[in-house]
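Residue numbers (our numbering): 9 to 135. From the three backbone atoms N, C-alpha and C, an ideal C-beta is built for every residue, glycine too. Predicted model, so just to flag it, every value in this text is computed and none were measured.
Encoded structure:
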């Protein structure tokens, strides 16, 4: 059986350049590509050489979102594995985001935060 891996996620944000900028500062990621998206949208791909987040927007301001955890097909959160959880948490705080739901569990520890668009992100370090 072949190995499968996640290549990217695509999510709608209010400002893909601003989101890519803080993702770069927090996780060390770079813009891999940017350009016209579907219909009249615009997309910025931010990540490393193997995996990225596609940050998509329309020229119009996106409307409010429903609570994802109770919406069928809702996007609940995405997670990033890091080598130094404490250092990343300090960078998350420096961006003005509030780390929440800290936990130590086998085989690691984690926290969550919400970005400026309300998207929930989990940061985890495995022992």
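(Q) Going by DSSP in three states, residue 33 sits in which element: helix, strand or coil? (A) helix
**Q.** Proximity below 9 Å, CB of residue 41 to CB of residue 57
**A.** no
Q: Go through its chain and collect everything with a Cβ distance to residue 116's Cβ below 7 Å, but skip five positions before and after it.
A: 132, 133, 134 and 135
Q | Extent of the continuous alpha helix (DSSP H) run through residue 14 | A | Note, residue 14: premise wrong, no alpha helix (DSSP H); not H, not E.
(Q) Only counting the same chain, and skipping five residues up and downstream in sequence, which positions put a Cβ closer than 8 Å to that of residue 129? (A) 85, 86, 87, 88, 120, 121, 122 and 123
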